[in-house]
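The next block holds one structure in the form of structure tokens; read it before the comments.
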Amino acid sequence: MNALPDSFYVRSDVTRIAKDLVGKVLVSTINGQTTSGLIVETEAYSYQERGCHAFNSRMTERNQVMFGAGGHAYVYLCYGVHHLFNVVTNVPGKAEAVLIRALQPLTGEPVMMTRMNAVNQSRITSGPGKLTKALGIDRTLNGATLRSSELWIEMGEQVPLKSIVVTTRIGIDYAGKDARLPWRFYWRGNEWISRP
DNA sequence: TAGAGGATTGAT
DNA sequence: TCAATCCTCTAC
136 MNALPDSFYV
146 RSDVTRIAKD
156 LVGKVLVSTI
166 NGQTTSGLIV
176 ETEAYSYQER
186 GCHAFNSRMT
196 ERNQVMFGAG
206 GHAYVYLCYG
216 VHHLFNVVTN
226 VPGKAEAVLI
236 RALQPLTGEP
246 VMMTRMNAVN
256 QSRITSGPGK
266 LTKALGIDRT
276 LNGATLRSSE
286 LWIEMGEQVP
296 LKSIVVTTRI
306 GIDYAGKDAR
316 LPWRFYWRGN
326 EWISRP
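Going by this note's numbering, the letters in the first sequence line up with residues 136 to 331, in that order.
This is the structure in structure tokens:
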């Protein structure tokens with residue numbers, strides 16, 4: 136394991152971290168089975184905007200992990216069906232996080248395909264709800280450090296800024312004008328992004 | 001304590 | 001276009 140240091144996560148610019156995470160490698164070892172993938176799509180969330188569960192620094196039982204130190208996992212259940220994985224950033228008290236929306240599989244593809252009940256590996260990690268299932272991530276990892284033996288993020292490829300597309304986030308129409316913030320980032324031309 | 005709705009997905 | 005599915009949050 137060669138996990139990114141806490142200093143990577145404990146920074147004050149969540150959009151910068153979201154951009155920096157594109158090209159990094161997310162690794163899980165669950166029940167002795169290792170799976171990993173290149174991060175190709177992310178979204179940033181901050182207590183300062185309405186798209187975020189912690190808007191206005193409102194802390195609840197669900198989102199309290201976001202109020203802790205950067206470098207931990209925030210995992211929650213969406214629509215009662217899908218687990219979504221976020222990376223908590225910034226210092227304690229400043230609730231910010233980066234949602235990992237899509238991966239390009241690197242290792243453990245057979246394990247992922249089994250978990251996904253898939254006959255081929257096409258698009259098995261192209262979406263926030265899919266990649267958590269493929270990597271075996273669920274709410275038992277909520278609050279876990281990203282320097283644990285089960286879940287961590289490593290250096291991957293250096294992605295030039297011009298290869299990162301900046302656009303608006305998906306599925307947060309309820310956020311009003313904040314839904315138009317250019318806080319979604321993805322690797323230009325990568326076939327594993329969740330949608331164009 | 002009841003009721004509404006969601007940072008999605010896959011099938012119709 | 002729509003149902004699945006259940007946890008969380010809000011209002012009463």
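Positions of the beta carbon are idealized from the N, C-alpha and C atoms, including for glycine.
Quick caveat, the model's predicted, so the values are computed rather than measured.
Among the options, whose alpha-carbon lies nearest the alpha-carbon of residue i?
i: Thr-267; options: Ile-165, Thr-150, Glu-326, Gly-324; result: Ile-165
i: Tyr-214; options: Ala-269, Val-175, Gly-264; result: Gly-264
i: Ser-171; options: Val-210, Met-290, Arg-304; result: Met-290
i: Arg-146; options: Tyr-309, Glu-326, Glu-231, Leu-270; result: Glu-231
i: Phe-202; options: Leu-219, Phe-320, Val-162, Val-226; result: Val-226
i: Ser-261; options: Ala-189, Glu-184, Ile-328, Leu-139; result: Ile-328
i: Leu-270; options: Tyr-182, Ser-142, Gln-183, His-217; result: His-217
i: Asn-325; options: Lys-312, Ser-163, Val-300; result: Val-300
i: Met-136; options: Ala-253, Glu-285, Arg-319, Thr-302; result: Glu-285
i: Gln-183; options: Lys-229, Val-254, Pro-245; result: Lys-229
i: Val-162; options: Ala-253, Met-251, Ala-208, Leu-316; result: Ala-208
i: Gly-278; options: Ser-181, Val-200, Leu-173; result: Val-200
i: Arg-330; options: Thr-302, Met-251, Pro-245, Val-246; result: Thr-302
Excluding the 5 residues preceding and the 5 following residue i in the sequence, name in chain order all residues of the same chain whose CB lies nearer than 7 Å to its CB.
i: Ile-307; result: Gly-186, Ala-314
i: Met-248; result: Gln-256, Ile-259
i: Lys-154; result: Ile-299, Phe-320
i: Ser-181; result: Val-149, Cys-187, Glu-231
With a threshold of 6 Å on Cβ separation, who are the neighbours of residue i within its own chain once the five nearest residues in sequence on each side are excluded?
i: Tyr-144; result: Gly-205, Gly-206, Thr-224
i: Asn-198; result: His-188, Ala-189
i: Ala-253; result: Ile-259
I'd like to confirm the pairing. Which residues does DSSP put opposite residue i in its beta bridges?
i: Cys-213; result: His-217
i: Tyr-180; result: Ala-232
i: Trp-287; result: Val-162, Arg-282
i: Gly-311; result: Gly-311 is not bridged to any residue.
i: Thr-224; result: Glu-231
i: Ser-192; result: Its beta-bridge partners do not exist; DSSP assigns none.
i: Leu-173; result: Val-160, Gln-239
Can you determine whether any heavy atom of the ligand NAP sits closer than 6 Å to the C-beta of residue i, and answer yes or no?
i: Leu-286; result: Ligands are entirely absent from the displayed structure, and the ligand NAP is therefore not among its contents.
For my contact list, residue i and residue j are in at a C-beta cut-off of 8 Å; report their separation, rounded to the angstrom.
i: Leu-276; j: Val-210; result: 5 Å
i: Val-233; j: Ala-179; result: 6 Å
i: Thr-177; j: Ile-272; result: Not quite, the Cβ-Cβ distance comes to about 15 Å (not below 8 Å), so this is no contact.
i: Val-157; j: Val-294; result: 5 Å
i: Trp-318; j: Arg-304; result: 5 Å
i: Leu-219; j: Arg-274; result: In fact, because the Cβ distance is near 10 Å, the residues do not count as touching under 8 Å.
Excluding the 5 residues flanking residue i on each side, which residues of the same chain have their C-beta closer than 8 Å to its C-beta?
i: Ala-138; result: Leu-281, Arg-282, Trp-287, Ile-288, Glu-289
i: Asp-141; result: Ala-204, Gly-205, Gly-206, Arg-282
i: Glu-292; result: Gly-158, Leu-173
Pair every Cβ in the segment 237-250 with every Cβ in the segment 188-200, then say whether three or more of these pairs are closer than 8 Å.
no
Using a Cβ distance threshold of 8 Å, determine whether the segment 136-156 contacts the segment 166-173, with at least three qualifying pairs required.
no
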